[in-house]
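Enquirer: Take this structure, written in structure tokens, and hold onto it; I'll ask about it next.
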Amino acid sequence: MWLEIFRTGTHTDSSGKEATYTAEDLLQIAEHYNNRVQSDSKSEAPLVKGHPKSDDPAYGWIERLATRGDRLIAKVRAVSSEIFEDLKSGRYRNVSIALYPDKTLRHVGLLGAVAPAVKGLNFLGFSEGEFANFVNEFSLFDDADDEQGNSKAQSNAETEKIIAENKALKEKISCLEQTNKELETKISEMNKQNRQRAFKEFAEKTLKSINGSMFSAHQTAELRTLLEETAELEEKINKEVSSMDYSLTNRIKSFVLSLKPILLGKEIATKQETEESSSNFSYKNTIPERLRLHELAKEIQVENPNISYEEAIIIANKSNFTY
């Protein structure tokens, strides 16, 4: 793990001596220490509790030093589980460092609690030489707290950004859904109007094609309404059953188109006309040839019941009949 152990500025050691340290000084301390450890791994400085004597135990080892801005940081290895528990429980909140006159790191000490019973790694024998011991003016966990706070603030900012983006996305989706509904409504209304127009034309065309003898105007309107309601019902069904191939609307239209007109009106008219003609010939003085033409036309009608009296007269006239 990494710990901040020192920083630039003017500091007073435990003996009352002041010294000013710049960023270059911190870099020199780090480079000098790292070169020494690289040459001799046994020269690593210990992590200790409080202000140790020459035979106090080490609870970790300073693997290397580095600088970060105006601060000197130490990478600690082989940290005792006891130290971890002490740090977690908050027993140690400050850190101190001891430097030899040549600015070589002697040890890093944890301050803030009474040292517990000796439990930890191997003992380290310290030589009794002159060294400056500095107690840092900042809490051991200040930077960690700052980083945690910054990380939390950054996390909160990212969360707020995500929430804002999510809200904007939901609003956009809602807007698109509303627009889609409006378009669907317009399309549905247009389709309905087109169907109504098509059914109206179909009904009127059907009425004309059978000479008005099959449906009345009222029945034609009813046929159009039937087709419209059937089409609307099919539209609802098709939304649920997309694979539906059968069309009841087309079935009704096909049925109507298959109907053959029964010319009842003309048959009645022909019968009445024939009776009137017979009556006229019976009660009026007529030319025999005309009477014969009349009778021949009636015979033609009997043989061809689908033709009118007038058509029968024309056919009779075209025969070899001689007045």
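Note that the sequence shown ends on residue 327 in the numbering used here; no numbers are left out. Glycine residues also receive a C-beta, built at the ideal position from the N, C-alpha and C atoms.
1. Start and end of the alpha helix (DSSP H) containing residue 48?
2. From this set, 82, 227, 240, 237, which residue's C-alpha is nearest residue 258's C-alpha?
3. Under a three-way DSSP split, which group does residue 310 fall into?
4. With distances taken from CA atoms, which of 307, 308, 313 is nearest residue 298?
5. Pull up the distance between the alpha-carbon of residue 172 and that of residue 208, whole angstroms please.
6. Hey, how far is the Cα of residue 39 from the Cα of residue 116?
7. Taking only heavy atoms of the ligand NAP into account, decide whether any of them is closer than 7 Å to the Cβ of residue 315.
8. Using the C-alpha atoms, what's the distance from residue 15 back to residue 24?
9. Compare the C-alpha of residue 47 against each of 160, 54, 61, 65 and name the closest.
10. Would residue 193 be called buried (16 or more neighbouring beta carbons within 10 Å of its own) or exposed?
11. Compare the beta carbon distance of residue 7 and residue 77 with 8 Å and say whether it is the shorter of the two.
12. What's the C-alpha gap between residue 98 and residue 17?
13. Cβ atoms of residue 52 and residue 67: under 8 Å apart, would you say?
14. Roughly how far, in whole angstroms, is the beta-carbon of residue 294 from the beta-carbon of residue 235, given that I think they are within contact range, below 8 Å?
15. Do you know how far the Cα of residue 45 is from the Cα of residue 21?
16. Taking the straight line between their C-alpha atoms, what separation do you get for residue 3 and residue 306?
17. How should residue 201 be labelled, buried or exposed, when 16 other C-beta atoms within 10 angstroms of its C-beta is the threshold for buried?
18. When the Cα atoms are used, what is the spatial distance from residue 43 to residue 36?
19. What are the partner residues of residue 112, as DSSP defines its beta bridges?
20. Which one of 241, 240, 203, 239 has the shortest CA to CA distance from residue 230?
21. Go through its chain and collect everything with a Cβ distance to residue 319's Cβ below 8 Å, but skip five positions before and after it.
22. I'd like to check one pair, residue 12 with residue 34: are the Cβ atoms closer than 8 Å?
23. Ordered along the chain, which non-local residues of its own chain (more than five positions away) have a Cβ less than 7 Å from that of residue 31?
24. For residue 24, which beta-bridge partners are listed by DSSP?
25. Need the endpoints of the alpha helix (DSSP H) that residue 92 sits in, please.
26. Alpha carbon to alpha carbon, how far is residue 166 from residue 113? Give it in angstroms, no decimals.
27. I'd like the span of the beta strand (DSSP E) that includes residue 79, first residue to last.
28. From residue 197 to residue 168, what does the alpha carbon distance come to, in whole angstroms?
Expert: In terms of the structure at hand:
1. Counting along the chain, residue 48 falls outside any alpha helix (DSSP H), and DSSP gives it neither H nor E.
2. 227
3. coil
4. 313
5. 54 Å
6. 31 Å
7. Absence of the ligand NAP from the depicted structure is noted, as is the absence of any ligand whatsoever, leaving it without description.
8. 6 Å
9. 65
10. exposed
11. yes
12. 15 Å
13. no
14. About 58 Å separates the two Cβ atoms, so there is no contact after all.
15. 31 Å
16. With the chain running from 5 to 327 in the structure shown, residue 3 is simply not present.
17. exposed
18. 11 Å
19. 51, 101
20. 203
21. 301, 304, 311
22. no
23. 71
24. 14
25. 85–93
26. 43 Å
27. 75–81
28. 43 Å
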